[in-house]
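A.B. asks: Handing you a structure now.
Below is the structure:
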């Protein structure tokens, strides 16, 4: 059973045209993450939510925004995608009841920018 | 800042043989967790194995085991009896106890040869 679901799996957009990627989870985890992964590179953390508390990484461009309307859902908004934003976007979750908790990943959303 | 290094961008192993993937990390923390994640082609990232820094005993999960050398800040993954399904990108990752941020290494692409 899928526990972290990302939609769409593949998204094609035009340069500058806003795009929204979604993530839902059935794990009831407190923490949700968005990572950007470019081909065969390490995932790069964009931001994460601890419950409703938003934590932005210092080097995440302003072009990237996120919303978490409830525990189950989290969205990544890219306001004006550039060619450099083409990547796989990974959503992940983790619980908060102790240290060393593993990340549960979705299958990712691959963004192509034309 | 914590960093994770994987010095082997690519590795290959014959089916049924054993392979070791290397990982080193840098931290000033004493309480942390280390992970190996597997990302098969076009599939989601999953946890392979986890090690708590305060435990001296090396973690094992079936054919997967680690060699954790805390003083040397080294955390290698050994895969025994390699199978074709082990072919994937392997990422070493670090998180501080009760922290929410995971730091990933650049990854090692493992090929399994029949």
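Protein chains in written order, with the working numbering: chain A, 1 to 114; chain B, 1001 to 1114. Backbone N, C-alpha and C define an ideal beta-carbon position, used for all residues, glycine too.
Report the residue from A:38, A:7, A:81 whose alpha carbon sits nearest the alpha carbon of residue 62 of chain A.
C.D. replies: Residue numbering aside, residue 62 of chain A sits at position 62 when the first chain is read from its first letter. It is A:81.
A.B. asks: Does the separation of the CB atoms of residue 42 of chain A and residue 1105 of chain B fall below 8 angstroms?
C.D. replies: Residue 42 of chain A sits at position 42 when you count from the first residue of the first chain. Residue 1105 of chain B sits at position 105 when you count from the first residue of the second chain. It is a contact, given that the beta carbons lie within the stated cut-off.
A.B. asks: Can you tell me which of the three DSSP states residue 85 of chain A falls into?
C.D. replies: If you number the first chain from 1, residue 85 of chain A lands on position 85. Note: residue 85 of chain A maps to helix in three-state DSSP.
A.B. asks: Can you pull out the residues from the stretch 1088 to 1112 of chain B whose beta carbon lies closer than 9 angstroms to at least one beta carbon of chain A?
C.D. replies: From the stretch 1088 to 1112 of chain B, only 1089, 1091, 1093, 1095, 1096, 1097, 1098, 1099, 1100, 1101, 1102, 1103, 1104, 1105, 1106, 1107, 1109 have a Cβ closer than 9 angstroms to chain A.
A.B. asks: Roughly how far, in whole angstroms, is the beta-carbon of residue 1033 of chain B from the beta-carbon of residue 1051 of chain B, given that I think they are within contact range, below 8 angstroms?
C.D. replies: Taking the second chain and counting its residues from 1, one reaches residue 1033 of chain B at position 33. Taking the second chain and counting its residues from 1, one reaches residue 1051 of chain B at position 51. Yes, residue 1033 of chain B and residue 1051 of chain B are in contact; Cβ-Cβ is about 7 angstroms, under 8 angstroms.
A.B. asks: For residue 42 of chain A, would you say it is in contact with chain B, using Cβ-to-Cβ distances shorter than 8 angstroms as the test?
C.D. replies: Translated into the one-based positions of the first chain, residue 42 of chain A becomes position 42. Closer than 8 angstroms: yes.
A.B. asks: Taking residue 103 of chain A as the query, report the chain B residues whose CB atoms sit under 9 angstroms from its CB, ordered along the chain.
C.D. replies: Position 103 of the first chain, counted from the start, is the residue given in the question as residue 103 of chain A. Per Cβ cutoff of 9 angstroms: 1035, 1037, 1045, 1047, 1093, 1095, 1102.
A.B. asks: Drop a sphere of 10 angstroms on the beta-carbon of residue 1077 of chain B, count the other beta-carbons inside from all chains shown, and report buried for 16 or more, exposed for fewer.
C.D. replies: As a working note, residue 1077 of chain B is residue 77 in the second chain. Result: buried.
A.B. asks: Is there a Cβ of chain A sitting closer than 8 angstroms to that of residue 1063 of chain B, yes or no?
C.D. replies: Counting from 1 along the second chain, the entry for residue 1063 of chain B is found at position 63. Not closer than 8 angstroms to any Cβ of chain A, the Cβ of residue 1063 of chain B fails to qualify, so no.
A.B. asks: Compare the Cα-Cα distances from residue 75 of chain A to each of A:12, A:14, A:18 and report the closest residue.
C.D. replies: Walking along the first chain from the start, residue 75 of chain A turns up at place 75. Closest by alpha carbon: A:18.
A.B. asks: Quick one, which residues of the stretch 14 to 45 of chain A are near chain B if we go by CB-CB under 7 angstroms, in chain order?
C.D. replies: Answer in chain order: 31, 40, 41, 42, 43, 45.
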